[in-house]
Structures are given as structure tokens and as C-alpha cells.
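Only one structure is covered here, and it is reproduced in the block below.
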Amino acid sequence: MLKVNNINVYYGAIHAIKGVSLEVKEGAIVTLIGANGAGKSTILKTISGLLRPKTGEIIYEGNKLNTMEAQEIVRSGVCQVPEGRRVFANMSVLENLELGAFLRKDKAQIKEDMEKVFEKFPRLKERISQLAGTLSGGEQQMLAIGRAMMSRPRLMLLDEPSMGLAPLLVKEIFSIIKEINQSGTTILLVEQNAHMALSIANYAYVLETGKIVLEGPAKELAESEQVKKAYLGG
1 MLKVNNINVY YGAIHAIKGV SLEVKEGAIV TLIGANGAGK STILKTISGL
51 LRPKTGEIIY EGNKLNTMEA QEIVRSGVCQ VPEGRRVFAN MSVLENLELG
101 AFLRKDKAQI KEDMEKVFEK FPRLKERISQ LAGTLSGGEQ QMLAIGRAMM
151 SRPRLMLLDE PSMGLAPLLV KEIFSIIKEI NQSGTTILLV EQNAHMALSI
201 ANYAYVLETG KIVLEGPAKE LAESEQVKKA YLGG
């Protein structure tokens, strides 16, 4: 579904991503784990068109994403849930969700999808007219995921969904990510909580200082001594 072929990404003179290749198969949850500053978010931003690779290419369903504008990438079925939620703080929950569907014209389906979001996140329905900036961290994360669902993505890019959340909420968010995947959305998950990420993913890549140093089925990586030492506190 998605193939990242040997991309190199720079921030000015800084070589942030060094020859990274990865693949996301349709229907899978693929996770990218690594320490803070390893370049995980940079890869997601490059896939979603917010950054451009200097060399290499990104192919999604046969189309070259690295030559497309960000809104075209969303229209083609790829949507990112950014790190730190990035909800529109001065707009209501409802307005945030409506913005998720801004490229769509199918009003009846939009209404249907809104109901699906409220089924997954009943708390958002209770706070439908509340300003997004007044929600708790967990509710804002739910809103950010709900907003992405409104674009009907076939591939969802999740950037650090557990960041700053209480352990109980982390469990809830991860079980919702699993549900979204089971209902047909492919997921590429960037996460510092390697333990949780590996517990729900099918396949995993380990990123260190802009390079992939390890990859394999998530269950195998969770058992690997190298990964246990570096990321699972083992």
C-alpha cells in the first residue's frame, strides 16, 4: 500500500533521515519506534507532504506522494494525527470534526461518519459544543483521531498518540486504534511507548538517529534482547 524508498530528508544542513526504506501493507498496523529525536515524526511529515525528501520516493497505491501537495495527499486517502494533538483550540468539538471532512462533498456520508466518531468517542458527543482548547489531554487526543477519521482515510498516520496521557487513557486510546484498524483502516504508528506499540502492531521498525537499525514482526522485536534493553526497560 505504502512504500518509502531510500528517502533522505534535511533540515537545512542537518541530515535528519538517512536512506530510510519501509513498507506498510494494506490492513496492517506498522509501528516505528525509537528514542526522542530519532526522526520518527520527520518521516510521518515527509509522507504527508509537510516536508520534502531531498532524494528517494514515497509511493502510495502506485502514486508518487513526494510530488503531491499536502491536501492532495489527504484527498488520496492518507491522513495524519499530529504529535501534540493540534486541535483548533478556539473552535468547538463539532467544528473540529467538520474540518476533518473539509475535502468531502458527500453530506449524507459525512453525517454517518460523524455518528461513527461519536460511537467510538461518546465523550466527544457530550462535549459537542465545547471549545476544543478546554478539553482534557485525553479528550483532545480523541478529537484529533476523530477529526482524522472524518476524512475517511485508508491509511492513518498516528504521531505519538500516547504522549502525556495517564496510563489508563493510553490503554483506551490503543484499544481504539486497534478497532479503527479492524474496521478497515491501515495504520502507521509512531510511538515512544514501545511496549504498547509492539503489543498492537503486526510489523515494526526501529529508528536510531535517522536510520532504520532493526525491523521485523512486532512480536519478534518485543522479544529481542536489543529492543528490550533499549526501549522496554528490560
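By UniProt numbering, the letter at position 96 of the sequence shown is numbered 96, and the numbering carries on one by one without gaps.
Cβ atoms here follow ideal geometry from the backbone N, Cα and C, with glycine treated the same way.
All of these numbers come straight from a predicted model, not from anything done at the bench.
- Beta-bridge annotation (DSSP): Met156 is paired with Cys79 and Ile187.
- Taking all protein chains in view, the Cβ of Lys107 is surrounded by fewer than 16 other Cβ atoms within 10 Å, so the residue is classified as exposed.
- Going by C-alpha positions, Leu168 is about 15 angstroms away from Ala197.
- Rounded to whole angstroms, the gap between the alpha carbons of Lys105 and Met150 is 12 angstroms.
- Beta-carbon to beta-carbon, Ala166 and Leu131 are separated by about 22 angstroms, too far to satisfy the 8 angstroms threshold.
- Inclusion of Leu22 and Gln80 in the CB contact set at 9 angstroms is not warranted, their separation being larger than that value.
- Using a C-beta cut-off of 8 angstroms, the stretch 27 to 34 makes contact with the stretch 199 to 216, since at least three inter-stretch Cβ pairs fall below that distance.
- In this structure, the CA atom of Val9 is about 11 angstroms from the CA atom of Ile47.
- Taking 9 angstroms as the cut-off, the beta carbon of Leu207 is found closer than this to the beta carbon of Gly39.
- For Ala230, the closest of Arg86, Leu94 and Ala35 by C-alpha to C-alpha distance is Ala35.
- Sorting Glu57, Thr186, Leu99 and Leu221 by C-alpha distance to the C-alpha of Leu155 places Thr186 at the top.
- Straight-line spacing of the CA atoms in Phe102 and Met68 works out to 18 angstroms.
- Excluding residues up to 5 positions away in sequence, Ser21, Gly56, Glu57, Ile58 and Ile59 lie with their Cβ nearer than 8 angstroms to the Cβ of Asn5 in the same chain.
- Secondary structure at Lys107: helix, using DSSP grouped into helix, strand and coil.
- Distance from the Cα of Leu32 is smallest, within the candidate group Gly216, Gln226 and Lys228, for Gly216.
- With respect to Arg123, Glu139 sits close: the two C-beta atoms are nearer than 9 angstroms.
- In this structure, Ala144 sits near Arg85, with a CB-CB distance shorter than 9 angstroms.
- Lys211 and Ser92 have their C-alpha atoms spaced approximately 40 angstroms apart.
- Val170 and Arg52 have their alpha carbons spaced roughly 31 angstroms apart.
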